[in-house]
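Novice:
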Amino acid sequence: MILAIASGKGGTGKTTVATSLARLIVQRGRPVRLLDADVEAPNCHLLLGAAPGGSEPVYVPVPRFDTDRCTACGRCAEACRFNALACVAGRVLLAAELCHGCGACLDVCPVQAIDERPRPIGEIRRCNVDGLRLIEGRMHIGEPVAVPVIRQLRRIGHAEPGATTAVDAETRQDLLTIIDAPPGTACPMVAAVRGTDYVILVTEPTPFGLHDLRLARETVRQLELPAGVVINRGGQTEDELRRFCSEEQLDILTTIPDRREIAEAYAAGHPPYDASPEFAAAIDELADQVEARISRDPLTTSAGASGGGA
Amino acid sequence: MKELVVLSGKGGTGKTSLTAAIAALARPVMLVDADVDAPNLHLVTQPCMQHSQDFVAGSEAVIDPERCIGCGQCARVCRFEAIHPGADNVDYGPLQTVDPVGCEGCGRCATRCPAGAIRMEPTTCGSWYFSTTEYGPMVHAGLLPGAENSGKLVSLVRSEARDRATETAVNLILTDGPPGIGCPVIASLSGAHLVLIVCEPSPSGVHDLRSVLTLTHHFGVPATVCINKWDLNADATQSLESELAAEGIPVAGRIRYGEAFSRAQRQGIDLIALGDVPEVAEVSAVWDHVNQMLQQNQRLPIHQ
């Protein structure tokens, strides 16, 4: 099963939930692969105390011009819908960060002066930590476009053979893939969650949290994905949030209470699971719900394997 | 006219709440909500909308089923795996269909279609608004769920804000930025005078602060750092402050961890309006520092 952990609002505890859940399910004997798809701020490794290595670059193809052939006719610049090409003073200029690598310029060049070169925009790193497989996507700082890194991460993550835990994973059904998605509801979030089997939306019972949950809910609905909610920093003010979840038929999978000790453990870089019995109980409950869902619906969506679009 | 952009890298560090509190101290200001895919500033500033407009950007391939001959050329040239075979056509192969979420609007399929069956249609990605608030005018926006072009929308709201700010007596543009370091963040940096980065003293908070500092340095925009929830890890706060000092990066101040910000949020008001809480003095000190930096900063905005 492929499970995405998302939220509209940032800082609601997505990564804390993803890493704690992944750890616990591994301890319970199921192999887990955790994909850190928050490629602009990949933090799973920090919460797991892991040091992923073996950097593999993620490339976007960008055009390369044969200046001997190019007549600076400007058709490539006209064809580019992303304003990545300009024809100035008899030369074609490329703004590589704006290039989506679509290849439209190649098609229109009348003198075949264009081929492509790979341009690195990010990297994929991997490691094992306490039986958990972590695969991280990381966008280079200064790059604007996260989606190709997320797509490549999912391509690699879903294709990586077998599991890496003590448990023998004979079938794909035994493996749980957890994707830690980026915040928001724009194309990076969609690329991380589309084609998954279930989406956990982490929220908090504040006006900001509820507002952004509505947006995330709408996005997930358009992608036709089943979803449930984890309430973080729960407390006395959950009524409106609970009403929204019941109207939307969103299961509340667990509630993590608002406790200073949890925030302090997080700030110190310690797993809140060890620091707070209430936190541990909440994650236990979540893991039970996830296990129940896996046994109810063990299918792995094959569409998920090719990674997201957007 | 000066522009201050509030960023964080990591989400949920208190960017929006701090922006609203600064707006209360600095008013009148021109407010901009540049967190276009999860905007929250309006929940505090309660804008009264004066003008609303669709945000049309980019395009999307549309296949005419009457003309599609099912050859599959479009699917083969699409680099975004956005075209898939749909229902069978008796005369030819399966008709092709476009997945609008996957389509990036490059137009390559339209160019290559031998039957001329594909046209590119402009897409509405969201809306933007001009409003009035008790803090001053405000330009904000909403991206449709899953939409693209968030960077362009950020550039649009900022440019509207600049135009309108020159028409009014406001001399500070205060921009609540998006999280992360990607296109909407880069779009919120060009021409800004100062970036205030809101950070929390956790390993993730510091890691993401570092990414944003690298980005602001890369684009040549001065930055200052505010440490929120500092007392959750006093040691980390102290070592972060000394590291930043050693690197010559100013620290605007510390704000404690407490329930005041979320209480204000629940009441739909800014922190300053909450009155008698210690965070008010802390935020005021941050604003004094930031304001001083803005006044000293005489140079022209850097354009990319």
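Residue numbers (my numbering), protein chains in the order written: chain A, 13 to 322; chain B, 710 to 1013. No residue lacks a Cβ here, since even glycine has one placed at the ideal position from N, Cα and C.
If you measure beta-carbon to beta-carbon, which residues of the region 191-202 of chain A are closer than 9 angstroms to chain B?
Specialist: Answer set for the region 191-202 of chain A: P194, P195, G196, T197, A198, C199, P200, M201, V202.
Novice: How many angstroms separate the CA atom of B:E988 from the CA atom of B:P912?
Specialist: Looking up residue 988 of chain B in the second sequence gives position 279. Looking up residue 912 of chain B in the second sequence gives position 203. Roughly 23 angstroms separates the two Cα atoms.
Novice: Considering only residues of the same chain and omitting the five flanking positions on each side of A:V179, which have a CB-CB separation below 6 angstroms?
Specialist: In the first sequence, residue 179 of chain A corresponds to position 167, counting from 1. Only weak support exists for where A:V179 lies, its pLDDT of 41 falling under 50; the value from the coordinates is given anyway. These residues qualify, in order along the chain: G41, P43.
Novice: Within 10 angstroms of its Cβ, does A:A49 collect 16 or more other Cβ (buried), or is it exposed?
Specialist: The count along the first sequence starts at 1 and reaches residue 49 of chain A at position 37. Answer is buried; the Cβ neighbour count reaches 16.
Novice: Helix, strand or coil, according to DSSP, for B:Q805 in the structure here?
Specialist: Mapped onto the second sequence, residue 805 of chain B falls at position 96. Looking at B:Q805 - three-state DSSP - the assignment turns out to be strand.
Novice: Pick helix, strand or coil for B:H793, following the three-state DSSP scheme.
Specialist: As a first step, residue 793 of chain B must be located in the second sequence, where it is residue number 84. Residue state, collapsed to three classes: strand.
Novice: With 9 angstroms as the limit, tell me which residues of the region 252-269 of chain A have their beta carbon closer than that to any beta carbon of chain B; keep them in chain order.
Specialist: Those residues of the region 252-269 of chain A that come within reach of chain B (Cβ to Cβ, closer than 9 angstroms) do not exist; the list is empty.
Novice: For the region 242-321 of chain A, which segments carrying the alpha helix (DSSP H) assignment without a break, of at least 4 residues, lie completely within its bounds, in sequence order?
Specialist: Entirely contained in the region 242-321 of chain A, the alpha helix (DSSP H) runs reaching 4 residues are, in chain order, 251-259, 272-280, 284-287, 289-308.
Novice: Who does B:F839 pair with in a DSSP beta bridge?
Specialist: Translated into positions along the second sequence, residue 839 of chain B becomes position 130. Beta-bridge pairing links B:F839 to B:H760, B:V848.
Novice: Measure from the C-beta of A:P219 to each C-beta in chain B and report whether the shortest distance is under 8 angstroms.
Specialist: Taking the first residue of the first sequence as 1, we reach residue 219 of chain A at position 207. Yes, its Cβ sits closer than 8 angstroms to a Cβ of chain B.
Novice: Here's the rule I'm using: 16 or more other beta-carbon atoms within 10 Å means buried, otherwise exposed. How should B:P888 be labelled?
Specialist: Sequence index remark: in the second sequence, residue 888 of chain B carries index 179 (1-based). B:P888 should be labelled buried.
Novice: Residue range of the beta strand (DSSP E) that A:P64 falls in?
Specialist: Position 52 of the first sequence, counting from 1, holds the residue named residue 64 of chain A. Unbroken run through A:P64: none, as it is neither H nor E.
Novice: Note down, in chain order, every chain B residue with its Cβ under 8 angstroms from the Cβ of A:L151.
Specialist: In the first sequence, the residue the question calls residue 151 of chain A occupies position 139. Checking the sequence shown, residue 151 of chain A turns out to be Met, not Leu. Ordered by position in chain B, the residues that pass the 8 angstroms Cβ test against A:M151 are I890, G891.
Novice: In chain E, which residues lie with their C-beta within 9 angstroms of the C-beta of A:H170?
Specialist: In the displayed structure, chain E is absent; the protein chains listed are A and B.
Novice: Tell me the residue span of the alpha helix (DSSP H) that contains A:R229.
Specialist: Locating residue 229 of chain A in the first sequence gives position 217, counting from the first residue. First-last of the alpha helix (DSSP H) with A:R229: 219-234.
Novice: Can you pull the chain B residues whose beta carbon is under 8 angstroms from the beta carbon of A:T27, in chain order?
Specialist: In the first sequence, counting from the first residue as 1, residue 27 of chain A sits at position 15. Chain B residues near A:T27: S913.
Novice: State the start and end residues of the unbroken alpha helix (DSSP H) segment that holds B:C892.
Specialist: Within the second sequence, residue 892 of chain B is the residue found at index 183, counting from 1. Taken as a continuous stretch (DSSP letters only), the alpha helix (DSSP H) holding B:C892 covers 892-898.
Novice: I'd like to confirm the pairing. Which residues does DSSP put opposite B:L713 in its beta bridges?
Specialist: As a first step, residue 713 of chain B must be located in the second sequence, where it is residue number 4. Its beta-bridge partners are B:L883, B:L903.
Novice: May I ask you to list, following chain order, the residues of the region 271-284 of chain A that have a beta carbon less than 7 angstroms from some beta carbon of chain B?
Specialist: Result list: A275, E276, Y278, A279, A280, G281.
Novice: Residues of the region 852-870 of chain B with a CB closer than 8 angstroms to any CB of chain A: list them in chain order, please.
Specialist: Answer set for the region 852-870 of chain B: L852, P854, G855, A856, E857, S859, G860.
Novice: Consider the C-beta atom of A:D186 and the heavy atoms of the ligand COA; say whether any pair is separated by less than 7 angstroms.
Specialist: With respect to the ligand COA, the structure shown offers nothing to examine, as it has no ligands at all.
Novice: Please list the residues of the region 207-231 of chain A that have a C-beta atom closer than 7 angstroms to any C-beta atom in chain B, keeping them in chain order.
Specialist: Those residues of the region 207-231 of chain A that come within reach of chain B (Cβ to Cβ, closer than 7 angstroms) are T218, P219, F220, H223, D224, L227, E230, T231.
Novice: Report the neighbours of B:Q1005 on chain A: residues whose CB is nearer than 9 angstroms to its CB, in chain order.
Specialist: Indexing the second sequence from 1 puts residue 1005 of chain B at position 296. Those within 9 angstroms of B:Q1005 in chain A number zero; the least Cβ separation is about 27 angstroms.
Novice: With a threshold of 8 angstroms between beta carbons, is A:A116 in contact with chain B?
Specialist: Taking the first sequence and counting its residues from 1, the one referred to as residue 116 of chain A is at position 104. Judged by the 8 angstroms Cβ criterion, A:A116 is in contact with chain B.
Novice: Using the beta-carbon of each residue, which ones in chain B are nearer than 9 angstroms to A:E52?
Specialist: In the first sequence, residue 52 of chain A corresponds to position 40, counting from 1. The answer, in chain order, is G718, P888, G889, I890, G891, V894, D917, S920.
Novice: CB-CB under 7 angstroms to A:T183, same chain, minus the five flanking residues each way: which ones, in chain order?
Specialist: Taking the first residue of the first sequence as position 1, residue 183 of chain A is located at position 171. Any reading at A:T183 must be qualified, since the residue scores a pLDDT of 46, below 50, and its modelled position is unreliable; the value itself is stated next. Contacts found: none.
Novice: Measuring only between beta-carbons, confirm whether A:A158 sits less than 8 angstroms from chain B.
Specialist: For this step, residue 158 of chain A is matched to residue 146 along the first sequence. Taking Cβ atoms only, chain B reaches closer than 8 angstroms to A:A158, which makes this a yes.
Novice: At the 8 angstroms Cβ level, is B:P910 part of the contact set with chain A, yes or no?
Specialist: The residue you call residue 910 of chain B lines up with position 201 of the second sequence. True, the Cβ-Cβ gap to chain A drops below 8 angstroms.
Novice: Using the C-alpha atoms, what's the distance from A:R271 back to B:R817?
Specialist: Counting from one through the second sequence, the residue named residue 817 of chain B turns up at place 108. Counting from one through the first sequence, the residue named residue 271 of chain A turns up at place 259. Taking the straight line joining both Cα atoms gives about 53 angstroms.
Novice: In whole angstroms, what is the alpha-carbon distance linking B:D917 and B:S951?
Specialist: To locate residue 917 of chain B, count along the second sequence from 1; it is residue 208. To locate residue 951 of chain B, count along the second sequence from 1; it is residue 242. Between B:D917 and B:S951, the C-alpha separation is close to 18 angstroms.
Novice: Just reading off the alpha helix (DSSP H) that B:A961 is part of, what are its end residues?
Specialist: Locating residue 961 of chain B in the second sequence gives position 252, counting from the first residue. No alpha helix (DSSP H) contains B:A961, which is instead part of the beta strand (DSSP E) from 960-964.
Novice: Return the CA-CA distance between A:V211 and B:P737, expressed in angstroms with no decimal places.
Specialist: For the purposes of this step, residue 211 of chain A is taken as residue 199 along the first sequence, with counting starting at 1. For the purposes of this step, residue 737 of chain B is taken as residue 28 along the second sequence, with counting starting at 1. The alpha-carbon atoms of A:V211 and B:P737 are separated by roughly 42 angstroms.
Novice: On the three-state DSSP scale, how would you describe A:S19?
Specialist: As a working note, residue 19 of chain A is residue 7 in the first sequence. The answer is coil: DSSP assigns A:S19 none of H, G, I, E or B.
Novice: In chain order, what residues of the same chain lie with their CB nearer than 6 angstroms to the CB of B:A824, ignoring the 5 residues before and after it?
Specialist: If you number the second sequence from 1, residue 824 of chain B lands on position 115. The residues are R776, I778.
Novice: In the DSSP assignment, find the unbroken beta strand (DSSP E) run with A:L144 in it and report its ends.
Specialist: Residue numbering aside, residue 144 of chain A sits at position 132 when the first sequence is read from its first letter. Here the beta strand (DSSP E) through A:L144 covers 144-151.
Novice: Could you pull out every residue in the same chain whose Cβ sits closer than 6 angstroms to the Cβ of B:G886, ignoring the five residues on either side in sequence?
Specialist: Here residue 886 of chain B refers to the residue found at position 177 when the second sequence is read from its first residue. Within the same chain, B:G886 has close Cβ partners V714, V715, L716, A743, S897.
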